[in-house]
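Only one structure is covered here, and it is reproduced in the block below.
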Ligand code: KG4
Ligand code: ZN
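Residue numbers (this note's numbering): 1 to 352.
Below is the structure:
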């Protein structure tokens with residue numbers, strides 16, 4: 001029997017195993033992360049080697065530099081993940097890996113490491129979507145959270161409203177027609193001369209500013225659950241460039257605050273509208289921008305007013321990490337989904 005045939009049987013047997021230990025690998029962007037997750041909710045270890053300092057000097061992630069640094073980091077991250085979890089490699093029931101979306105070269109490092117490990121240990125390999133991983137960050141943060149719920153997905157690469165009817169059943173209700181919100185945060189931060197990654201820097205600077213600009217997003221998508229952030233991004237970029245050309249001083253904190261107010265209004269209003277129209281009483285935020293306190297403040301207060309439960313991942317699971325991939329993989333395994341063969345490859349884009 002070849003590897004894949006053997007794994008089909010092993011994978012199926014995991015469904016009824018009492019304790020399932022998944023080692024999960026994430027390398028889609030600039031974090032090399034490996035976690036050990038037990039039964040989808042218990043994080044035994046979650047090691048993250050961040051490359052932020054390396055990319056900061058370039059003002060953003062340089063894909064080739066990211067791939068090379070993943071290669072340098074991954075073996076040590078793996079050893080540390082096992083040792084922190086207090087397990088040996090023989091305890092691993094399955095290996096999970098982010099296969100997309102993300103940077104091709106960066107993803108390939110994780111995918112190839114995962115394939116070699118799964119084959120060497122003779123355990124199943126589970127291919128996980130990074131975006132769905134972000135949703136699962138909530139399962140490790142909130143032990144009692146279960147679908148159905150509505151998810152506001154706000155990362156560097158995706159912005160969407162999803163109806164999560166079951167662990168592996170999602171329906172997209174709205175998405176961005178241009179930039180993802182994290183991308184807009186990063187570009188606005190760059191024009192304000194803030195370091196990469198821009199989101200947390202804008203949040204910090206916004207605290208000392210006021211909403212003096214009253215930016216708005218285009219009215220064209222008002223009656224839909226879709227988003228557009230390229231207009232507001234361009235407005236801020238033009239504002240700063242024009243002022244620079246004229247040698248005028250701008251209040252950067254006011255710009256940061258006004259921008260943050262505008263996008264967090266748009267995101268929170270549409271998320272609540274979606275909950276109401278779908279009659280869903282649970283709202284979950286997911287992805288890096290979910291770390292933004294102003295966004296969480298608005299979502300939480302709207303949810304309160306409308307009798308909706310609100311969930312956000314704990315801060316360390318908002319941005320990229322291996323643990324969320326392990327949680328997602330566990331529930332895929334329970335439904336017999338995601339088993340990959342050794343020809344698994346990386347994908348820069350995945351469907352929501
Ligand atoms: O989910 P993530 O780690 O990576 C992707 O899957 O894309 O998200 C990264 C994005 C970046 O654009 C970063 O600027 C943004 O999340 N971000 C934030 C905050 N922390 C991270 N945006 C706004 N406020 C924050 N506190
Ligand atoms: Zn991410």
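Cβ coordinates follow ideal geometry from the N, Cα and C atoms, glycine included.
Residues bridged to residue i by DSSP?
| i | result |
| --- | --- |
| residue 100 | 129 |
| residue 151 | 162, 284 |
| residue 263 | DSSP output for residue 263 lists no bridge partner at all. |
| residue 227 | 176 |
| residue 95 | 23, 125 |
Pick helix, strand or coil for residue i, following the three-state DSSP scheme.
| i | result |
| --- | --- |
| residue 273 | helix |
| residue 365 | Because the chain in this structure spans residues 1 to 352, residue 365 falls outside the shown range and cannot be described. |
| residue 220 | helix |
| residue 341 | coil |
| residue 46 | strand |
| residue 24 | strand |
| residue 211 | coil |
| residue 134 | helix |
| residue 60 | coil |
| residue 252 | helix |
| residue 234 | helix |
| residue 240 | helix |
| residue 112 | helix |
| residue 107 | helix |
| residue 156 | coil |
| residue 117 | helix |
| residue 289 | helix |
| residue 146 | coil |
| residue 196 | coil |
| residue 329 | helix |
How is the alpha helix (DSSP H) around residue i delimited, first residue to last?
| i | result |
| --- | --- |
| residue 13 | 3-14 |
| residue 319 | Note, residue 319: premise wrong, no alpha helix (DSSP H); not H, not E. |
| residue 298 | 293-305 |
| residue 18 | Segment: none, residue 18 is in no alpha helix (DSSP H) and carries neither H nor E. |
| residue 187 | 181-191 |
| residue 69 | 63-85 |
| residue 41 | Here residue 41 belongs to no alpha helix (DSSP H), and DSSP marks it neither H nor E. |
| residue 53 | 52-56 |
Along the chain, where does the beta strand (DSSP E) that runs through residue i open and close?
| i | result |
| --- | --- |
| residue 31 | 31-38 |
| residue 165 | 159-166 |
| residue 173 | 169-175 |
| residue 309 | 309-311 |
Pull up the distance between the alpha-carbon of residue i and that of residue j, whole angstroms please.
| i | j | result |
| --- | --- | --- |
| residue 90 | residue 161 | 40 Å |
| residue 272 | residue 235 | 26 Å |
| residue 296 | residue 238 | 29 Å |
| residue 121 | residue 53 | 34 Å |
| residue 72 | residue 277 | 48 Å |
| residue 206 | residue 23 | 39 Å |
| residue 146 | residue 165 | 10 Å |
| residue 219 | residue 154 | 21 Å |
| residue 34 | residue 244 | 44 Å |
| residue 62 | residue 75 | 21 Å |
| residue 21 | residue 42 | 9 Å |
| residue 19 | residue 38 | 7 Å |
| residue 92 | residue 350 | 27 Å |
| residue 305 | residue 280 | 14 Å |
| residue 252 | residue 157 | 25 Å |
| residue 15 | residue 336 | 8 Å |
| residue 231 | residue 173 | 22 Å |
| residue 70 | residue 212 | 42 Å |
| residue 270 | residue 4 | 44 Å |
| residue 25 | residue 242 | 44 Å |
| residue 117 | residue 127 | 14 Å |
Quiz item: Does the region 131-143 touch the region 107-121, meaning 3 or more C-beta pairs lie closer than 8 Å?
Solution: no
Quiz item: Can at least three beta-carbon pairs, one atom from the region 123-134 and one from the region 327-338, be found at a separation below 8 Å?
Solution: yes
Quiz item: Is it a yes or a no for the region 139-152 touching the region 182-201, going by three-plus beta-carbon pairs under 8 Å?
Solution: no
Quiz prompt | Stretch-stretch touch, CB-based, cutoff 8 Å, three pairs: the region 278-288 with the region 302-315 | solution = yes
Quiz prompt | Stretch-stretch touch, CB-based, cutoff 8 Å, three pairs: the region 218-237 with the region 75-83 | solution = no
Self-check item: Three-pair Cβ contact test at 8 Å for the region 199-209 versus the region 174-186
Solution: yes
Self-check item: Touching by the beta-carbon criterion (3+ pairs, under 8 Å), the region 255-264 and the region 159-173
Solution: no
Quiz item: Does the count of Cβ pairs from the region 290-307 and the region 240-249 closer than 8 Å reach three?
Solution: no
Quiz item: Do the region 315-323 and the region 19-34 make contact, defined as three or more Cβ pairs closer than 8 Å?
Solution: yes
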